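For reference, the structure discussed in these notes is given below.
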Amino acid sequence: MSPELQMYLAQGIHGLAYGMLLFLVASGLTLIFGMMGILNIAHASFFMLSAYLCVTVLNATGSYWLSLFLAPLGVALLGVLVERFMLRRAQASGLGHIAELLLTLGIALVMAEAIKLTWGTEGLQVMAPRSLAGLVNIGGLEYPIYRLFIIGLSLVVLAVLSLVLYRTRLGTIVRAAVSDPDMVSVLGVNTRRVFMLVFGLGTWMAGVAGVAAAPILTVFPGLADQMGMDAFVVVVVGGFGSLFGALVAALFLGELNAYGIQFIPKLSPVLMFAFMALVLAFKPTGLFGDRE
Amino acid sequence: MKISKRLLLLGLIAAALVMASLGAHPALAAGAAAGFDPKAVSDMTGFDPTKYENPSGEVVKIGVLAPFSGDAASVGQLYWATSAWVAADINKRGGIMVDGKKKKIALIKGDTMGKPATTKQAVEKLCLQDKVDVLWGTSGSHLTAIIQAEAAKYNKLHLNSHSLSDNLMEGKSFTPYTFQYIWPTYSVGNTLAKYYASRKERKFYILDQDYVFGHELAESFKAGLKQYVPDAQIVGEDYHPLFNKDFAPYLTKVKASGAEVIFTGDWMPDSSNLIKQSRQMGINTPIAGIFLDDINALIAVGPEGSKGMVFASQMLINYQDGIQAKWHEAWKTWPAPYNTALYEWLGSTTGSYVESLYWLLDVMQRAGATAPDKVIKAWEGDEWLGLIGEKLTMRACDHRVVRDTYVTEFVSPNKWYQDCAYLDQLVTIPAEFVTLAPPKDSERCK
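Going down the list, the sequences are from chains A and B.
With this note's numbering applied, the first sequence closes on residue 281, and no number is skipped along the way.
With this note's numbering applied, the second sequence closes on residue 913, and no number is skipped along the way.
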């Protein structure tokens, strides 16, 4: 393979890896919105919290794999508690989505300050585990194994999520509860518990993304802002609530970023937003969404 | 009175010994009138930035303008640790002699939150309510410009130890109340360009943050290369957004360009992410810059990953005794958030902050006053020897410092950190090569 071709191939895989990381962050956000109608402003904060928990578990045990298991679990538990004791009350307040928005915004602010108090404000570093460090040869192109791992991890999460939602009884109940919660409730299903589960699942996905991103990014108090905006763009472009839309949008925006930097670097930072504006102008529901 | 030859000889030997011992101190060796005296630093055992308390009574008030909250709060911590150190040290010595009496130092925080509106509010509070004598800060030239204007409005001294923009002391921006201790962007670019004049590397890739400082720095580096390394090639030039996430697409271009050096002005977290991601991608091209000394990032990539990086600074302490030993000993007992490797030694940033404050307070003492007009008069044209014995001259007409600058290549092993490469030999770039000329349009500089 010629060096030039290698460069273009590398950019393609970079786009794929970054796109899949974006999908990991955005999928939880779109899942919660799609299933519960809640725009969780604190979603990126759950992502950031997981990265910090990853640092703590890693420092305590030295095991990245254990942190990949425990940190998202911890974040999901917090998500469940937030849904059970806060969001549910906000929904019962009768103020509609405004209450949810304000509440999740408040949670994001509280989490940011709590993180600073707990872990300090310095940038913390996580390195990829030894088994995922180093490079692999792809047709003459030396490519970092860890970035390929991100692609693989995202695919596994996507597969598990799709299986659960579309091939299990639990998934059927979740989707039914979304369409008509009263009817499902009459059938003896505890819909409250279903929504709690969905919120926990969404925050768990943010948690997985946080641990996946930690070896690439500096873990610092601005991490949520750093990734949150891109995740939001993915959800808007893909269509609020559409998991498939989030996947397509994340992959497209990842490639747009990589090849944008390659060919039109001066414009690359705005390409993502320009594309979002374009999508909204012609299809306000996003590429695959049906809610405005 | 008759003096024997033996007595005369003894006297001469004694005088020579005294001269030699005095000569060991850089300030006196250079014959300068003033300078930092390492022996005068108090016993700082027990000093803890988290427990710093202002003295009572009549004090010299310093308003510390920094982002103490928000995403950049870690920067505020650096300001606090260093200013509290200097204040505690001077207070232990009894204060400084100003306005006819010994006054101790009090620090008052002004939280800029990194935002223009809050910066202005913080300055107004410090000037009008707290009635500070000096404003110290801040990071971000756009914020410093606000402080400068407010300092002039309220007749307050302002020491800028943090913002590098070349334009701050030029044209209408100049005010006699502000002194820019920190080196300007021009000096940064020219320091590294001059450094590479004596090196073999000739292919440079510029990768900077896409805002004023990033572009200014790149321009000064390119101009410096043109002057000092005419056969140098810029093989690529990219500007990425602040707080960039994925550096891989840029690094792939760097690799394809055949660059021998990545030149960057990136600061945290971009600098850390650039270092980390490049090493993960197997790209070990040396990175040259001024914000590469984030110890956490260096430790993350280890000795191999951090080796060969080129770090430039206006001031680098390469000794472990004196103030460095006292700082290090005190640090061992510091609680969070100051118990990290970032604070273990006085580094480029912390050392510079400390130095600038010692100089300010020394000037005040020599002026014998806190009144701005008297301090301004004393500081203009002042020559002072800093923490490493380097000569600093406060140019009278534009209040910028004329000084040598320093470059080092990170090596491993080194005497500082076991887990990463760090500074070793310093290359001094003489002031004549890196000093920004006085502004041509300034009447004061004609």
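Just so it is clear, CB atoms sit at the ideal spot from N, CA and C, and this is done for glycine as well.
Source: prediction; values computed, not measured.
In this structure, 20/A is the residue among 148/A, 20/A, 252/A, -9/A with its C-alpha nearest to the C-alpha of residue 229/A. If you draw a straight line from the Cα of residue 188/A to the Cα of residue 737/B, it is about 32 Å long. Taking residue 100/A as reference, the option from 210/A, 243/A, 218/A with the minimal CA-CA separation is 210/A. Rounded to the nearest whole angstrom, the C-alpha separation of residue 830/B and residue 846/B is 6 Å. Taken in chain order, the members of the region 104 to 118 of chain A whose beta-carbon sits within less than 8 Å of a beta-carbon on chain B are 105, 109, 110, 111, 112, 113, 114, 115, 116, 117. Note: residue 133/A is bridge-paired with 124/A in the DSSP secondary-structure output. Taking C-alpha positions only, residue 46/A is separated from residue 671/B by approximately 40 Å. Cβ proximity to chain B below 9 Å picks out 243, 246, 247, 248, 249, 250, 251, 254, 255, 257, 258 from the region 240 to 258 of chain A. Contact between the region 616 to 635 of chain B and the region 594 to 602 of chain B is present: 3 or more CB-CB pairs across the two stretches fall below 8 Å.
Straight-line measurement puts the Cα of residue 277/A at about 15 Å from the Cα of residue 221/A. Its chain contains 676, 677 as the residues whose beta carbon lies nearer than 8 Å to that of residue 708/B, once the 5 sequence neighbours on both sides are disregarded; these appear in chain order.
About 4 Å separates the beta carbon of residue 195/A from that of residue 35/A, a gap short enough to meet the 8 Å contact definition. Looking at the DSSP output, residue 861/B bridges to 868/B. Counting only Cβ-Cβ distances below 8 Å, residue 610/B has no contacts in chain A at all, with the closest Cβ about 17 Å away.
Boundaries of the beta strand (DSSP E) around residue 646/B: 645 to 647. Taken atom to atom, the span from the alpha-carbon of residue 811/B to that of residue 263/A is near 46 Å. Using beta-carbon distances, residue 881/B does not count as an interface residue toward chain A, since no partner is under 9 Å. If you compare the alpha carbons of 10/A, 169/A, 78/A with that of residue 145/A, the shortest gap goes to 10/A. Under the Cβ criterion of 9 Å, residue 713/B is counted among the residues facing chain A. Excluding sequence positions up to five before and after residue 832/B, its CB lies within less than 6 Å of the CB of 563, 564, all in the same chain and listed in chain order. Counting along the chain, residue 102/A sits inside the alpha helix (DSSP H) bounded by residues 86 to 108. Using beta-carbon distances, residue 86/A does not count as an interface residue toward chain B, since no partner is under 9 Å. Close to residue 7/A, with beta-carbon spacing below 7 Å, are these residues of chain B in chain order: 713.
With its beta carbon less than 9 Å from one in chain B, residue 206/A belongs to the interface.
Considering only beta carbons, the part of the region 728 to 756 of chain B lying closer than 8 Å to chain A consists of 735, 736, 739, 740, 743, 744, 747, 748, 749, in chain order. Residue 24/A is outside the set of residues whose beta carbon lies under 9 Å from a beta carbon in chain B. Put simply, the CB of residue 100/A is far from chain B, with every gap to its CB atoms at 9 Å or more. The beta carbons of residue 748/B and residue 712/B sit no closer together than 9 Å. Bridge pairing for residue 68/A: absent [DSSP]. Secondary structure of residue 610/B (DSSP, three-state): helix. Under the three-state reduction of DSSP, residue 577/B is assigned to strand. Scanning 742/B, 793/B, 765/B, 762/B for the CA closest to the CA of residue 754/B turns up 742/B. DSSP lists 859/B as the beta-bridge partner residues of residue 851/B. Residue 214/A reaches chain B at 538, counting residues in chain order whose Cβ is nearer than 7 Å. Judged by beta-carbon spacing, residue 897/B lies beyond the 9 Å limit of residue 862/B, meaning their Cβ atoms are not closer than that value. Residue-level contact check: residue 541/B touches chain A, since one or more beta carbons of chain A fall below 9 Å from its beta carbon.
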